[in-house]
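For reference, the structure discussed in these notes is given below.
In the numbering used here, the protein residues as written are -7 to 339.
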């Protein structure tokens, strides 16, 4: 029988060798698959640095390729873009000419400056929009104009709900400009506002009040409410109430007032002034003098001032009494007794 003697040192070395072989056999396939290896608490990722460098290089190459493709595309499309810009510029100039032509035509046919101005601006906007669409087709032939127009149609519905009040004012403004119940320079009265119309736009009407304030009235309010146009006709009637004494000569007083009214500057000869007794007042008979003047507010107020002065002077010269409106209180005997009892009977 043979006896085998084992050397401890040799055995230890052989163990390490076999361990290294086994570890190499285990690690090699994992390295081939690029799997991370954990050894003594460390995470070793094979080829990590090389992979990171390769990723950076690939990203830079991709960016350079994208920029190069973009520059090539812009260079190829540059003639089309320049042509599209030139077409849009031509349409802008054409829109300016169309606006002037439409405005002159409408002024000649209708004589309405505000209406002509608004429609001429709409015509200019339509021509510019058409030019932009044509330029877009030239610059990008692949763009479907029908889809763009359809998208605008769908968007207009949402815009209509969002800007309902503005669209209502715009529609009312177009109706006002089309019907033209009043014009720029007319004097109108809406609710408590009275003044001269400065401008009529699609959204509002600008009014300058007689005390020199600017008021912006929404076209919707004007279209839905009653509007008094003071200067719609070439003349305007004014009524002046005069109190005549009950004891006076009524026909004489009437003749004196009419004679005074015909000589006032600013009173129109036709229709002629009229004076009629209308009501029984407390201490006078009301004589209403009606005369006609120019319709503007300044003339009406100035003529009214002259009329009052001249009628008063004429009545004083003709001894026509113009008593004040006095209320007479008749204290009967019972009231006198009460006043006497409280010590006021002698007052």
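No residue lacks a Cβ here, since even glycine has one placed at the ideal position from N, Cα and C.
Quantities reported herein were computed from a predicted structural model and do not represent experimental measurements.
Cβ pair residue i, residue j closer than 7 angstroms
| i | j | result |
| --- | --- | --- |
| residue 221 | residue 192 | no |
| residue 197 | residue 187 | no |
| residue 282 | residue 228 | no |
| residue 269 | residue 277 | yes |
| residue 275 | residue 315 | yes |
| residue 280 | residue 233 | yes |
| residue 127 | residue 81 | no |
| residue 95 | residue 108 | yes |
| residue 295 | residue 258 | yes |
| residue 169 | residue 106 | yes |
| residue 205 | residue 256 | no |
Contact belief for residue i with residue j at Cβ below 8 angstroms, rounded distance in angstroms
| i | j | result |
| --- | --- | --- |
| residue 215 | residue 167 | 6 angstroms |
| residue 249 | residue 303 | 6 angstroms |
| residue 237 | residue 313 | 4 angstroms |
| residue 114 | residue 84 | Not confirmed; about 16 angstroms, so no contact. |
Residue i to residue j span [Cα, whole Å]
| i | j | result |
| --- | --- | --- |
| residue 79 | residue 72 | 10 angstroms |
| residue 177 | residue 213 | 20 angstroms |
| residue 90 | residue 117 | 10 angstroms |
| residue 272 | residue 174 | 39 angstroms |
| residue 60 | residue 102 | 60 angstroms |
| residue 13 | residue 53 | Note that residue 13 scores a pLDDT of 43, beneath 50, so its modelled location is shaky and nothing firm can be said. |
| residue 218 | residue 182 | 7 angstroms |
| residue 190 | residue 203 | 14 angstroms |
| residue 74 | residue 290 | 60 angstroms |
| residue 125 | residue 164 | 30 angstroms |
| residue 157 | residue 123 | 30 angstroms |
| residue 55 | residue 67 | 18 angstroms |
| residue 162 | residue 100 | 25 angstroms |
| residue 293 | residue 93 | 43 angstroms |
| residue 199 | residue 132 | 48 angstroms |
| residue 340 | residue 134 | The chain is shown only over -7 to 339; residue 340 falls outside these bounds and no answer can be derived. |
| residue 286 | residue 262 | 12 angstroms |
Candidates the options, of which the one nearest residue i by Cα
| i | options | result |
| --- | --- | --- |
| residue 185 | 169, 209 and 171 | 209 |
| residue 194 | 159, 175, 224 and 178 | 159 |
| residue 308 | 100, 240 and 130 | 240 |
| residue 104 | 206, 172 and 271 | 172 |
| residue 97 | 111, 305 and 84 | 111 |
| residue 267 | 311, 242 and 290 | 242 |
| residue 231 | 74, 284, 254 and 53 | 284 |
| residue 253 | 301, 244 and 162 | 301 |
| residue 224 | 54, 310, 288 and 67 | 288 |
| residue 130 | 100, 69 and 164 | 69 |
| residue 311 | 56, 93, 244 and 286 | 244 |
Residues that residue i bridges to, as DSSP identifies them
| i | result |
| --- | --- |
| residue 192 | 197 |
| residue 284 | 229 |
| residue 185 | 182 |
| residue 264 | Paired residue(s): none; residue 264 is not in a bridge. |
| residue 207 | 199 |
| residue 278 | 235 and 271 |
| residue 248 | Answer is none; residue 248 lacks a bridge partner. |
| residue 220 | 181 |
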